[in-house]
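Trainee: As numbered in mature numbering (1 follows the signal peptide of the UniProt record, and there is no 0), residues -24 to -1, 1 to 569 make up the sequence shown, in order.
Built from N, CA and C at the ideal position, the CB exists for glycine as well.
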Amino acid sequence: MGRRLAATWVALLVALTAPAPASAQQEQGATLRIGLQQQFDTLNPFLGITLAATDVFRNIYPTLTTYRAEDFAVTPELAQRWDHSEDRLTWTFHLREGVRWSDGEPVTAHDAAYTFNRMMTDPAASTANGNFVENFAEVTAVDDRTLVIRTETPQATMLAIDAPIVPEHIWSRVPDVAAFPNDEMPIVGSGPFTVTEYRPGQYLTLRANEDFWRGPPRIDELQFVQFKNSDAAVQALRKGDVDVVRGLTPAQFDALAGEPNVEQVRGQGRRFYEIILNPGATNSEGAPIGTGHPALRDVRVRRAIDHAIDEQVLVDRVLGGYGQVGGGYLPPIFEDYHWSPPQRRAFDPALANRMLDEAGYPRGADGIRRTAAGEPLHFDFVLHGDESADTQVGQFVKQWLRDIGIAVELQPISDNQLGDRTTAGDFDMVISGWSANPDPDYVLRLQTCAARPDPQGGGTPDTFLCDPVYDALYAQQLGEFDPAARAELVARMQQRFYEQATGLILFYPNSLEAYRSDRFAGFDLQPAEDGVIVSQQGYWGYYGARPTQAAISGAGGTDYGTAAWALGGAVVLIGAVVVLVVVRRRATADSRE
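(1) Alpha carbon to alpha carbon, what distance is there between Ala6 and Arg94?
(2) Confirm, please, whether the CB-CB distance from Leu422 to Trp410 is below 9 Å.
(3) Am I right that His70 and Thr133 are in contact with their C-beta atoms under 8 Å? What's the rounded C-beta distance?
(4) Starting from Val115, trace the beta strand (DSSP E) both ways and give me its first and last residue.
(5) Look up Asp59 in the DSSP assignment and say whether it is helix, strand or coil.
(6) Across which residues does DSSP place Arg522 in a beta bridge pair?
(7) Could you tell me which of Glu46, Ile285 and Arg34 sits nearest to Thr170, measuring between CA atoms?
(8) If you scan the stretch 246 to 307 from start to end, which runs of the beta strand (DSSP E) of 3 or more residues do you find wholly inside it?
(9) Got a sec? Which residues, its chain only, sit under 6 Å from Leu8 by beta carbon, not counting five neighbours each side?
(10) Tell me, please, which residues DSSP counts as bridged to Gly165.
(11) Rounded to the nearest angstrom, what separates Trp189 and Val75 at their Cα positions?
(12) Please report the distance separating the alpha-carbon of Pro317 from that of Glu475.
(13) Give the straight-line distance between the Cα atoms of Pro82 and Pro503, rounded to the nearest whole angstrom.
(14) When DSSP labels each residue in this structure, what does Gly370 get in the three-state scheme?
(15) Please classify Ser489 as buried or exposed, where buried requires at least 16 neighbouring CB atoms within 10 angstroms.
(16) Which value, in whole angstroms, describes the spacing of the CA atoms of Leu480 and Gly303?
(17) Taking one C-beta from the stretch 260 to 274 and one from the stretch 337 to 353 each time, how about it: are there three or more such pairs within less than 8 Å?
(18) For a minimum of 4 consecutive residues, which ranges assigned as the alpha helix (DSSP H) are wholly contained in the stretch 363 to 442?
(19) Can you find the residues in the same chain that come closer than 7 Å, C-beta to C-beta, to Asp402, ignoring five residues on each side of it along the sequence?
(20) From Val294 to Asp274, what distance separates their C-alpha atoms?
(21) Is Glu250 close to the ligand COA? I mean its beta-carbon at under 8 Å from any heavy atom of the ligand.
(22) Among all the DSSP beta bridges, which residues are the ones paired with Ser78?
(23) Tell me which same chain residues have a C-beta within less than 6 Å of the C-beta of Val419, skipping the five on either side of it?
(24) Give me the residue from Lys215, Ile281, Asn259 and Glu250 with the minimum Cα distance to Val238.
(25) Whose CA, out of Ser408, Gly106 and Phe496, lies closest to the CA of Arg247?
(26) Can you tell which of Ala460, Leu290 and Asp443 has the C-alpha that lies nearest to the C-alpha of Arg472?
(27) Which word fits Gln375, buried or exposed, when buried means at least 16 other C-beta atoms lie within 10 angstroms of its C-beta?
(28) Since Glu173 sits in a beta bridge, which residues does DSSP pair it with?
(29) Quickly, what does DSSP pair Glu239 with across the bridge? List them, please.
(30) Does DSSP put Tyr37 in a helix, a strand or coil?
(31) First and last residue of the beta strand (DSSP E) that includes Pro52?
(32) Between which two residues does the beta strand (DSSP E) carrying Phe92 extend?
(33) For the beta strand (DSSP E) holding Arg190, just list the boundary residues, first then last.
(34) Starting from the Cα of Thr478, find the closest Cα among Val277, Thr18 and Tyr43 and give me that residue.
(35) Starting from Tyr450, trace the alpha helix (DSSP H) in both directions and tell me its first and last residue.
(36) Please tell me whether Pro168 and Tyr515 are closer than 9 Å, where the distance is taken between their beta carbons.
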């Protein structure tokens, strides 16, 4: 064993000191390096749901439409124009000509039809974006340029189908989507970039697509460099070894103020941060699952817990003021759909105590409340173990609930464990959070009965709400094409969600980023006002990156394609084993919108 280990380190030393291969050496051309603190769950666009993965998909695969950088308005992408029948059941998308896959094959309507039909017929292929096609009756390619989609009922989200479209000539040879990692280089796509190199746990490299229909990006190369944690990524930014870091903590963001050659970006976030209270989880067949405390099935207990939490303190102390107090389900950045409760459950421990008394949960001699059967109100609170915000929120909430007679045990675990336990209903309280899209349908569906896990464990549940009133409103909004009327229905859904208190929206964090101003003169932010570089709603930030002469000449940076194991161990793991999350339908707090 000792000899093998020594041999491994000798081989590593040789690899570190050997000259880079000629193909990896660039004479000129800017490389934009993104410091990433999350691993890619997969490079398979049918399966990937983490923010890291979906960010890459939007840069390499086409979608029918996309969201405009300035204001999130729907704008043509692969589909140049569209029309629909009078009854809005048949939609015809006219695809632009001259678009090609990176292997030279033309992108046609047959590729789009293949993608959607695979999602409609293959359960694994519906993992990430199956909600888009649930209401589809038939998808056909009339010819190379004409895609026709017929729906069962009118569907208001037809211009918000941002599922990645894949090349049929590649994917039709894949018999088992669930087992396909899609990591054979180069990955065939048709976006502004093409994936050319991937070392799991270390970096992912993309080259500019010179034949992209909008024109090539301003940069030659885009690299996602993975780090153990955000502190390591920030240190790399300070040293000039990466160019952009997103997902900064408030303390990190403040510490970068005045840093030479570092520019800060504070934007409105698309995420909501919540505590889920297990209301009595059931699967898609209505069978009880999980380990939730019976007391949490009582809406009075759930509402009392909300009254015991001071969201403003969390914004001030956990977010350092970089965020807004929660309330409605959808973040304020999407003002057309954001809703605030007219009568918010304000922080009021005295009222929370009275509510628990009236609900029949008296205090015991130890100060902890009891059920009618004499069982203590003792809740397991599951957190992300590597998230400082979770730790801080957990400590505050534990004390606040102690003050109203509820004991809480904090259980910090890994992201994957948290996702598994949430899907299984194996929790009393759990931290969660999602990123919303300009069209809110995806996250609205998470609260429906249809999102519950099936008996085999799949599904995308958030709070296990499963409420007939909410579901009826969801169906109505899906078929409502009048923007004002649909917004009113979505507001009523959020009100119903708030009343049921299965998910307590604590706050909407700002998106905090920083970049090297000596290497990049600026980026196209989305939206233009209070926007961010890494928006997850398109490729604009990377596509419109404006490199300085220093970046073009290659000065002041590390190329992770040739120095992948630099930074004294900051890059995640030497010899990391590829872990493909085959069908992970549950997104955790750092995961997909």
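Mentor: According to the data block:
(1) 38 Å
(2) yes
(3) Not confirmed; about 19 Å, so no contact.
(4) Phe112 to Asp119
(5) strand
(6) Gly498
(7) Arg34
(8) 247 to 253 and 299 to 301
(9) Ile195, Leu198, Asp219 and Ala521
(10) Gly165 pairs with nothing; no bridge assigned.
(11) 6 Å
(12) 9 Å
(13) 32 Å
(14) helix
(15) Reading off the sequence, residue 489 comes out as Glu, not Ser. So Glu489 counts as buried.
(16) 8 Å
(17) yes
(18) 364 to 379, 391 to 399 and 417 to 421
(19) Gly266 and Thr267
(20) 29 Å
(21) Because no ligand of any kind appears in the structure shown, any question about the ligand COA cannot be addressed here.
(22) Its beta-bridge partners do not exist; DSSP assigns none.
(23) Trp410 and Ala412
(24) Lys215
(25) Ser408
(26) Asp443
(27) exposed
(28) Thr181
(29) Tyr491
(30) coil
(31) Val50 to Pro52
(32) Run containing Phe92: none in the beta strand (DSSP E); it sits in the alpha helix (DSSP H), Ala85 to Thr97.
(33) Taken as a continuous stretch (DSSP letters only), Arg190 belongs to no beta strand (DSSP E), as it is neither H nor E.
(34) Val277
(35) Pro444 to Leu454
(36) yes
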